Structures are given as C-alpha cells and as structure tokens.
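J.: I have a structure here, written as structure tokens, and I will follow up with some questions on it.
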Amino acid sequence: MSSILSVQNLNKSFGNKHVLHDVSFDLKKGHIVGLVGPNGAGKSTLMKTMLGLFNYDSGSIKIAGETVTPQKHESLSKVGALIEYPGIYPFLTGWDHLQLFADGDHQLIHIQKIISQLNMDSYIKRKARGYSLGMKQKLGIALALVNFPELVILDEPMNGLDPQATKDLRDLIITESQRGTTFLISSHILSELQRLAQDLLIIDEGSIVQQTTMHELLASQGKQTIMLMTSNDHKARQLLKKAKFEMTPDPRVEVIAKDDNTMPEILRLLVEGGVDILDVQRLEGNLESSLLEVLKQSRIKKRLAEEEAE
Amino acid sequence: MWTLVRQESFKLTRKVSTWISTGFLVGVEILFAFLSRIYPQTFVPANMFESLYFSRPIIIFYMIAATATIITMEFQYGTMKQVLYRRYSRGQILVSKWLAVFFYTLYWYVMSTGIALLLKAMLFHHTLSIHQGAGDGMSIFTRGLAISAASLVSLWLLLSVVFLLANLFRNSAAAVSVGIIGYFAAYIVTQLLTILIQKWDWAKWNPVTMTLYPSMMARPGYYQSLLNMQGWQMLLGNFIYIAIFLGIGYYVFNKRNV
Ligand SMILES: Nc1ncnc2c1ncn2[C@@H]1O[C@H](COP(=O)(O)OP(=O)(O)OP(=O)(O)O)[C@@H](O)[C@H]1O
Ligand SMILES: [Mg+2]
Numbered sequence: 001m002s003s004i005l006s007v008q009n010l011n012k013s014f015g016n017k018h019v020l021h022d023v024s025f026d027l028k029k030g031h032i033v034g035l036v037g038p039n040g041a042g043k044s045t046l047m048k049t050m051l052g053l054f055n056y057d058s059g060s061i062k063i064a065g066e067t068v069t070p071q072k073h074e075s076l077s078k079v080g081a082l083i084e085y086p087g088i089y090p091f092l093t094g095w096d097h098l099q100l101f102a103d104g105d106h107q108l109i110h111i112q113k114i115i116s117q118l119n120m121d122s123y124i125k126r127k128a129r130g131y132s133l134g135m136k137q138k139l140g141i142a143l144a145l146v147n148f149p150e151l152v153i154l155d156e157p158m159n160g161l162d163p164q165a166t167k168d169l170r171d172l173i174i175t176e177s178q179r180g181t182t183f184l185i186s187s188h189i190l191s192e193l194q195r196l197a198q199d200l201l202i203i204d205e206g207s208i209v210q211q212t213t214m215h216e217l218l219a220s221q222g223k224q225t226i227m228l229m230t231s232n233d234h235k236a237r238q239l240l241k242k243a244k245f246e247m248t249p250d251p252r253v254e255v256i257a258k259d260d261n262t263m264p265e266i267l268r269l270l271v272e273g274g275v276d277i278l279d280v281q282r283l284e285g286n287l288e289s290s291l292l293e294v295l296k297q298s299r300i301k302k303r304l305a306e307e308e309a310e
Numbered sequence: 001m002w003t004l005v006r007q008e009s010f011k012l013t014r015k016v017s018t019w020i021s022t023g024f025l026v027g028v029e030i031l032f033a034f035l036s037r038i039y040p041q042t043f044v045p046a047n048m049f050e051s052l053y054f055s056r057p058i059i060i061f062y063m064i065a066a067t068a069t070i071i072t073m074e075f076q077y078g079t080m081k082q083v084l085y086r087r088y089s090r091g092q093i094l095v096s097k098w099l100a101v102f103f104y105t106l107y108w109y110v111m112s113t114g115i116a117l118l119l120k121a122m123l124f125h126h127t128l129s130i131h132q133g134a135g136d137g138m139s140i141f142t143r144g145l146a147i148s149a150a151s152l153v154s155l156w157l158l159l160s161v162v163f164l165l166a167n168l169f170r171n172s173a174a175a176v177s178v179g180i181i182g183y184f185a186a187y188i189v190t191q192l193l194t195i196l197i198q199k200w201d202w203a204k205w206n207p208v209t210m211t212l213y214p215s216m217m218a219r220p221g222y223y224q225s226l227l228n229m230q231g232w233q234m235l236l237g238n239f240i241y242i243a244i245f246l247g248i249g250y251y252v253f254n255k256r257n258v
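Protein chains in written order, with this note's numbering: chain G, 1 to 310; chain E, 1 to 258.
Printed below as a string of structure tokens:
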C-alpha cells in the first residue's frame, strides 16, 4: 500500500527549544491512525508543521509524494484538518463557513450531507457568534471534511462533543475511512481512540516512541484480565494469591491472564475452595494502561541512555 | 487567486461594519451637501463638491481600520491556520488580501463620487456646474478626480505600512494608531519638512512628504515650490515606498510561525 503522508527525520525548534526530534513515520492509505502522547509531547506542533504552518529545521514532509513547506504546499488540496480549536468567524453563519472554504462546484449536496451527518441542521443558518463549544467543534470537523480530502488531520476532535455527537463523528470517520480516506487523529480520550484507530503513533518529548498497530500494542502488553464476581471476594483473593496468580490492584477480583489455561485454572481453584462464581468477564487489553506502560519503559530507556552518555 | 479575492470580499460583505460605515459616509455627504446649500458662504459649493462633501478623510480612516482588521481578525478568531493550510501559498493569501483591500478602496471612492454627483444634481442643479473652472485648465470635476486619485495613492502608502504592522503585531490597535498618526504626521510636520528640504534637497524623498500628494493636487502651485517637487516625482515616490513596505510585509508573512 502506498503512503499518503511520509515524514522523514523531521526536526523543529522554537528558538533554542528543540520540540521535534528526528520524527519519521508513514501513513498508509485508508487507515485510521491515532497520535497519542502526554501534554506537551509535540502532537499539535507535529500536525501544524505537516500543514505548513511552521517552518522546520531539517527533514522532509511529503503528502502524496509532494514536499510541504510553509511557503509552498499545493498538495494540501488533498488534506482537511482541524487543529486545537476551530477558527470561526463570528459574523458568518455555519453555512457561510462551509461555502467559503468549499472548493469548486457541485459542493452544495456534499455540504448538506455533512451537515446532516453531524446533525447540524438546526443551527447551521445562524451566525456562529452564538454557537456553543460543541457546535463550533462540529463546524470545525465539517470544515475539515468539506473538500473530499484524502487525508484528514484532527487534533482533539472529540473536544466538547456530547455522547451522541461523539458517536456521529465515530460513524462518520469509519465510513469515510472505508472509502479510502486516511485519518490522523490525536486524542486524550483513549477509550474512544481504542474503538477507532487501527494504527498508533506514540510520541513523547518530541520523539516517536513507537509506531504500531492497536492490536499489537494491546497484545504486547499482555493486559488481558479476567474479572470475577464471587460469593466471597475476600476469600477468592486469598485463594488466588496463595496459588500465585497475578492480580491487579483493583479491589474487585481481577486476574491477569497469562495464557488460555488461566481461566479454567482459576475457576477450578475457586470452586474447589468453596467460592461460588456469580459472573466472569474477560476484559480486553486496555489502551490506557498499555500506553502508560510504553511511555514508562521508553522514559526509563532514555534516562539510561543519557546516563551512559555522561 | 480570484477565488481567494472573492472569499476575502465575501467576508467583507458579511460584516455589519461594512454596511454601517457605508451608511455613515452617505449620511456625512448628505449633511455637508445640505450645509453647503444653506450656508454657501461658509461651505462654498464648488469646494465642497471638489472635496466629495468631506468623504476622503472618512474613507482614509475607515480603510486604515479595515486593512488592519483584514489581517488581525484572522489571528483574533484563530482562523489564520484554516486560511493557510490549503493548497494556496502564503504569498497568494497575502496578495489576495491586498487585492481585496484595493478593490474595497475603489468601492469607497467610486461610491462617494457617485453620491457626490447625485447630490450635486439634486441640490445644485442650476447653481453649480461640474464643468466650472478650477484653475490650471481643470474643471471642478476633473480636479476632484485628480485629488481622489492622489489621495488613493497616498492612502495606499499608509495602508502598506498598516499591512506591515498588522502582520508584525497581530494587533489592530497598534496598526491603526500608526496609520492614523501617519495621516496627520504630514500636516503636523510640514513646517519642519520645508525647513529640512530647503537645507538639504534630498530630504524631500522621505515617506512623510509623499503623503502630501493629495494636497499638492489640490494646490499645485503652492506645494510644488514649497516642497521643490513635481507631481510625477510625488507619484513615483509613493509607488516606491508602497512597494518597499508591502515587500517587507510579504517577507514577514512568509517567515512567520502561525
Ligand atoms: N508557538 C510556540 N512557541 C514556543 N514553544 C511552543 C510553541 N508551540 C508549542 N510549543 C512547545 O512545544 C512543545 C509541544 O507542544 P504541543 O502543543 O505540540 O504539545 P501537544 O502534544 O499538542 O500537547 P497537548 O496534549 O497538551 O495538546 C511544548 O513544550 C510547548 O511548550
Ligand atoms: Mg495539542
């Protein structure tokens, strides 16, 4: 598969503050890619640099094979974006905004479609001065999608959205990606990202820590846990501890599954120990804990490397 | 490029301030036309017509503000990112704003001239002819046009500075104040300028002198000898300074992080 976006050895500083360090990655066409990392990691900076808003020190950014610089970036015709917060002219209506930024003819039907997909019909003809946070956010997302982009870059798109709007957005992203649109989405709402993204870019202190798939990350951290509801949780925990099963610090009974044998083993142990089992749940690996683990490991590695260098 | 100019014009037409100020300007013209009709000794009809019923200073102030905000509003509303991350280059974006402001300036001059002609036809139909002589073989109509053309050129000298400052400071207050100070500067320092020019002839080539171009068009004999300059020299000087200031603004805009 060809890559729609390719970033190689990108370095970016603000004055003498080095914010992006040798960032390299490729985005595959039609994938939904999550960009995650702590506050100040450089997510927004990376996105803005890719969009030609910032000058960069070295490296290259190519969209569909064409280089992007702040001065010249015709290939951005293939890109739609929403960075940090949507820019809204208070004196224009939502409809005016969409028309203003829509390129070419035959756009009206498409605009109308996006409006109804995001449920914005009721206020789209009103001046944006009076929009709520979530209304503005939805308008920003609609603006990112208005020109049939091949690549969509969204920075914190779920900001301020209610549950219905979050679901509408998720559905919209999935439909568009099935049609071949690539998405790069940064978000701190990991549960949402876990449902959306196939690939992950993990960034910390301006470096890409890991480029992986969601599936691999969850699997590699081996975080499949089994949660039990029993007639006597206290006794169950004691039995499990004695049998040397690894448990989470959760006050409920949660066992970390090492392999497929774990489940039958603990069931037998508990039944034989006289504890009734009321309910069993397998918890999928969880992005939050996996991510925190990866970040912790990478920081440890980095500290060690730094100490060695001294 | 024309798409971009159209987009900038669209934003202007959707601003309430555009229409309020248009209404205000028409109101001022009507007011001075009536004053001139009632008190022709104080407000001499021929002079009032030549001055487009006092429109030009209003146009200048309004255009200074409009130019500053066409840049700074994008920073204020956070829309600059959206405007820039499209296929258009930064240069195209800035040039489209220049062009939009240029057409906007034309709009004001054409509109105020049209209203002035209309008022003249309605209130001074028999008492004033636009072909009435105004010295140097010009009629009051052609003299009015010449002053308008000169005022447009030196207005653009101010606007080129306002563009530069709006880009540097992203703040319209700074850009507007400097523009307005620039407008008055020439009148305030005319005395000083003439002393300087009499001492060193080359001093006449400073940008502040150039803003006196419309005054020279209104009273050529007086200003030509005072400043030791011809009309064409003034025109050339204005063009050179406009190019310099716009050029620096262009450079700044291309270099900045948004
Ligand atoms: N315009 C700027 N000038 C100077 N430093 C900046 C600028 N923008 C960002 N930075 C710095 O760059 C670093 C990365 O910031 P960035 O906004 O990219 O983080 P982020 O990953 O988007 O964080 P968050 O999750 O909080 O949105 C931070 O240390 C920040 O202080
Ligand atoms: Mg950010």
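Note that the Cβ used here is the ideal one computed from N, Cα and C, for glycine as well.
Keep in mind it's a predicted model, so treat the numbers as computed, not measured.
Measure the CB-CB distance between THR259 (chain E) and SER172 (chain E) and report whether it falls below 7 Å.
T.: With chain E running from 1 to 258 in the structure shown, residue 259 (chain E) is simply not present.
J.: Pick from G:SER298, G:PRO90, G:ALA142 and G:LEU145: whose alpha carbon is nearest that of ARG129 (chain G)?
T.: Indexing the first sequence from 1 puts residue 129 (chain G) at position 129. Per the Cα distances, G:PRO90.
J.: Would you tell me roughly how many angstroms separate the C-alpha atoms of GLN233 (chain E) and LYS120 (chain E), rounded to the nearest one?
T.: Residue numbering aside, residue 233 (chain E) sits at position 233 when the second sequence is read from its first letter. Residue numbering aside, residue 120 (chain E) sits at position 120 when the second sequence is read from its first letter. Approximately 33 Å between the Cα atoms of the pair.
J.: Taking 6 Å as the line, does the beta carbon of GLY42 (chain G) fall inside it for any heavy atom of ligand 1?
T.: By one-based count along the first sequence, residue 42 (chain G) stands at place 42. Under cutoff, so the answer is yes.
J.: Quick one: what does DSSP say HIS21 (chain G) is sitting in, helix, strand or coil?
T.: Position 21 of the first sequence, counted from the start, is the residue given in the question as residue 21 (chain G). Note: HIS21 (chain G) maps to strand in three-state DSSP.
J.: Does DSSP classify VAL33 (chain G) as helix, strand or coil?
T.: Within the first sequence, the letter at position 33 stands for residue 33 (chain G). Note: VAL33 (chain G) maps to strand in three-state DSSP.
J.: Are the C-beta atoms of LEU100 (chain G) and some chain E residue less than 7 Å apart?
T.: In the first sequence, counting from the first residue as 1, residue 100 (chain G) sits at position 100. So, interface residue.
J.: If I follow the unbroken alpha helix (DSSP H) through ASN238 (chain E), where does it start and stop?
T.: In the second sequence, the residue the question calls residue 238 (chain E) occupies position 238. Looking at the DSSP string, the run of the alpha helix (DSSP H) that includes ASN238 (chain E) is 231-255.
J.: Just by C-beta distance, which residues in the segment 68-82 of chain E are closer than 9 Å to chain G?
T.: Under the 9 Å Cβ criterion, the segment 68-82 of chain E contributes MET73, GLU74, TYR77, GLY78, THR79, MET80, LYS81 and GLN82.
J.: Is SER312 (chain G) close to chain E, meaning its C-beta is less than 7 Å from at least one C-beta of that chain?
T.: The structure shown has nothing for residue 312 (chain G), since chain G only spans 1 to 310.
J.: For THR18 (chain E), which residues of its own chain have a beta-carbon under 6 Å away from its beta-carbon, when the five flanking residues on both sides are left out?
T.: As a first step, residue 18 (chain E) must be located in the second sequence, where it is residue number 18. Closer than 6 Å at the Cβ level, and outside the excluded window around THR18 (chain E), lie LEU12.
J.: If you follow the alpha helix (DSSP H) that GLY3 (chain E) is part of, which residue opens it and which one closes it?
T.: Here residue 3 (chain E) refers to the residue found at position 3 when the second sequence is read from its first residue. As written in the sequence, residue 3 (chain E) is Thr, which differs from the Gly given in the question. Residues 2-13.
J.: By the criterion of Cβ-Cβ separation under 7 Å, what are the contact partners of ALA74 (chain G) in chain E?
T.: As a working note, residue 74 (chain G) is residue 74 in the first sequence. It should be pointed out that residue 74 (chain G) corresponds to Glu in this sequence rather than to Ala. Ordered by position in chain E, the residues that pass the 7 Å Cβ test against GLU74 (chain G) are ARG87.
J.: Answer yes or no: does any C-beta atom of chain G fall closer than 7 Å to that of ARG219 (chain E)?
T.: Taking the second sequence and counting its residues from 1, the one referred to as residue 219 (chain E) is at position 219. No - not a single Cβ of chain G is within 7 Å of the one on ARG219 (chain E).
J.: So which residues on chain G does ASN257 (chain E) lean against when the C-beta distance must stay under 9 Å?
T.: For the purposes of this step, residue 257 (chain E) is identified with residue 257 of the second sequence, where counting begins at 1. Ordered by position in chain G, the residues that pass the 9 Å Cβ test against ASN257 (chain E) are PHE14, LYS48, LEU53, PHE54, ASN55 and PRO70.
J.: Can you list the residues of chain G that ASN254 (chain E) reaches, using a CB-CB cut of under 8 Å?
T.: Locating residue 254 (chain E) in the second sequence gives position 254, counting from the first residue. Under the 8 Å cutoff, chain G gives PRO70 and GLN71.
J.: Heavy atom of ligand 1 less than 6 Å from the Cβ of ASN228 (chain E), yes or no?
T.: Within the second sequence, the letter at position 228 stands for residue 228 (chain E). Incorrect: ASN228 (chain E) has no Cβ contact closer than 6 Å to ligand 1.
J.: Going by CA-CA distance only, name the one from G:GLY180, G:VAL152, G:VAL146 and G:SER187 that's closest to LEU161 (chain G).
T.: Counted from its first residue, the first sequence places residue 161 (chain G) at position 161. It is G:SER187.
J.: Using the three-state DSSP reduction, which class does VAL68 (chain G) fall into: helix, strand or coil?
T.: Position 68 of the first sequence, counted from the first residue, corresponds to residue 68 (chain G). In the structure shown, VAL68 (chain G) sits in coil (DSSP, three-state: anything other than H, G, I, E or B).
J.: Give every residue of the same chain whose Cβ lies closer than 8 Å to the Cβ of ILE38 (chain E), excluding the five residues on either side of it in the sequence, and list them in chain order.
T.: Reading the second sequence from its first residue, position 38 is the one you call residue 38 (chain E). Nothing listed; no residue qualifies.
J.: Ends of the beta strand (DSSP E) at ASN11 (chain G)?
T.: Walking along the first sequence from the start, residue 11 (chain G) turns up at place 11. Note, ASN11 (chain G): beta strand (DSSP E), 3-14.
J.: Just confirm the distance between the C-beta atoms of LYS81 (chain E) and VAL258 (chain E), as a whole number of angstroms; I'd bet it's less than 8 Å.
T.: Taking the first residue of the second sequence as position 1, residue 81 (chain E) is located at position 81. Taking the first residue of the second sequence as position 1, residue 258 (chain E) is located at position 258. Correct: roughly 6 Å between the Cβ atoms.
J.: Do you know offhand how far MET158 (chain G)'s Cα is from ALA81 (chain G)'s?
T.: Against the first sequence, residue 158 (chain G) aligns to sequence position 158. Against the first sequence, residue 81 (chain G) aligns to sequence position 81. When rounded, the distance between both Cα atoms is 14 Å.
J.: Would you please verify whether the beta carbon of ARG170 (chain E) is less than 7 Å from any beta carbon of chain G?
T.: The residue labelled residue 170 (chain E) in the question sits at position 170 within the second sequence. It does not: the Cβ of ARG170 (chain E) has no partner Cβ on chain G nearer than 7 Å.
J.: Quick test of your reading: GLY237 (chain E) and LEU164 (chain E), contact by CB under 8 Å. State the CB separation rounded to the nearest angstrom.
T.: Numbered from 1 along the second sequence, position 237 holds the residue referred to as residue 237 (chain E). Numbered from 1 along the second sequence, position 164 holds the residue referred to as residue 164 (chain E). Not confirmed; about 18 Å, so no contact.
J.: Would you say MET1 (chain G) faces chain E, with C-beta separation under 7 Å as the test?
T.: The count along the first sequence starts at 1 and reaches residue 1 (chain G) at position 1. Reliability of the predicted coordinates at MET1 (chain G) is poor, the pLDDT of 48 falling under 50, and the value obtained from them is presented with this limitation in mind. No - not a single Cβ of chain E is within 7 Å of the one on MET1 (chain G).
J.: Would ILE4 (chain G) and LEU151 (chain G) be called neighbours here (beta carbons separated by less than 7 Å)?
T.: Looking up residue 4 (chain G) in the first sequence gives position 4. Looking up residue 151 (chain G) in the first sequence gives position 151. Contact flag set, yes.
J.: If you run the structure through DSSP and keep just helix, strand and coil, what is GLN211 (chain G)?
T.: As a working note, residue 211 (chain G) is residue 211 in the first sequence. Residue state, collapsed to three classes: strand.
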